[in-house]
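In my numbering, the protein residues as written are 571 to 733.
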């Protein structure tokens, strides 16, 4: 199966439309199928939403039930992924880029293999397209001397500024 599957149907119905359709069923007493046809939504989706809403109403809650497709279960939270992205960018800026395998090994207590799977890594790169994770190259001698001389000049200026 391809990693990016082409959708065949329209996925998901906005919560507002489901709420309006459920109100029509409750207030006007029309059937679920007729209302679903009027609103151009799947009758099963509307039935499930209406049933959950009635159950919550009978319990005394005025909240709306969650409907439709939920986000996938993530391994890291958004904050953790953001900090991981910043760490990887910082490491690349310091000429210490990490290989894909090293990125996958960051969370050591993952599973038996002690690393994340290839699917997680591909999804992580899709969520953060600005990252470029490749096998790190060795720093050439000319670049290293240029960086060292530049950093040395800055540290000398800071030292002289302190005196």
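Every residue, glycine too, gets a C-beta built ideally from N, C-alpha and C.
Exposed unless 16 or more other CB atoms sit within 10 angstroms - verdict on residue 604 = Working through the chain shown from its first residue, we reach residue 604 at position 34. Exposed is the call here.
ask   = What is the DSSP secondary structure of residue 587, reduced to helix, strand or coil?
value = If you number the chain shown from 1, residue 587 lands on position 17. Helix, per DSSP.
ask   = DSSP on residue 645, reduced to helix/strand/coil?
value = Counting from one through the chain shown, the residue named residue 645 turns up at place 75. It is coil, neither helix nor strand.
query = Among 616, 612, 575, which one has its Cα closest to the Cα of residue 589?
reply = The residue given as residue 589 occupies position 19 in the chain shown. Ranking the options by Cα distance to residue 589, first place goes to 616.
query = Going by Cα to Cα distance, which pick from 584, 687, 670, 599 is closest to residue 636?
reply = Here residue 636 refers to the residue found at position 66 of the chain shown. 584 is the residue among 584, 687, 670, 599 whose C-alpha sits nearest the C-alpha of residue 636.
request  = Give me the Cα-Cα distance between residue 644 and residue 672, rounded to the nearest whole angstrom.
outcome  = In the chain shown, counting from the first residue as 1, residue 644 sits at position 74. In the chain shown, counting from the first residue as 1, residue 672 sits at position 102. Rounded to whole angstroms, the gap between the alpha carbons of residue 644 and residue 672 is 20 Å.
ask   = Mind checking whether residue 670 and residue 724 have CB atoms under 8 Å apart?
value = The sequence position of residue 670 within the chain shown is 100, counting from 1. The sequence position of residue 724 within the chain shown is 154, counting from 1. No; because the gap between Cβ atoms is not below 8 Å, this pair is not in contact.
query = What residues in its chain sit with their C-beta under 7 Å from that of residue 587, if we drop five residues either side in the sequence?
reply = In the chain shown, the residue the question calls residue 587 occupies position 17. If we look at residue 587 and ignore the five residues flanking it on each side, its Cβ neighbours are 609, 611.
task = In angstroms with no decimal places, state the Cα-to-Cα distance between residue 597 and residue 613.
result = As a position in the chain shown, residue 597 is number 27, starting the count at 1. As a position in the chain shown, residue 613 is number 43, starting the count at 1. Residue 597 and residue 613 have their alpha carbons spaced roughly 18 Å apart.
ask   = Can you find a CB in chain B that lies within less than 8 Å of the CB of residue 691?
value = Looking at the structure shown, chain B is missing, and only one protein chain is on hand.
request  = Tell me the start and end of each unbroken alpha helix (DSSP H) in the segment 604-641 that is at least 4 residues and wholly inside, in chain order.
outcome  = Those alpha helix (DSSP H) runs which fall completely within the segment 604-641 and span 4+ residues are 613-628.
key: Helix, strand or coil at residue 576 according to DSSP, with G and I counted as helix   = Residue numbering aside, residue 576 sits at position 6 when the chain shown is read from its first letter. Three-state DSSP puts residue 576 in coil, outside helix and strand.
task = Use the C-beta contact count for residue 591: other C-beta atoms within 10 angstroms, 16 or more gives buried, fewer gives exposed.
result = Indexing the chain shown from 1 puts residue 591 at position 21. Around the CB of residue 591, 16 or more other CB atoms lie within 10 Å, so the residue is classed as buried.
request  = Determine the closest residue to residue 582 out of 601, 594, 619, with distance taken between C-alpha atoms.
outcome  = Here residue 582 refers to the residue found at position 12 of the chain shown. For residue 582, the nearest C-alpha among the options comes from 619.
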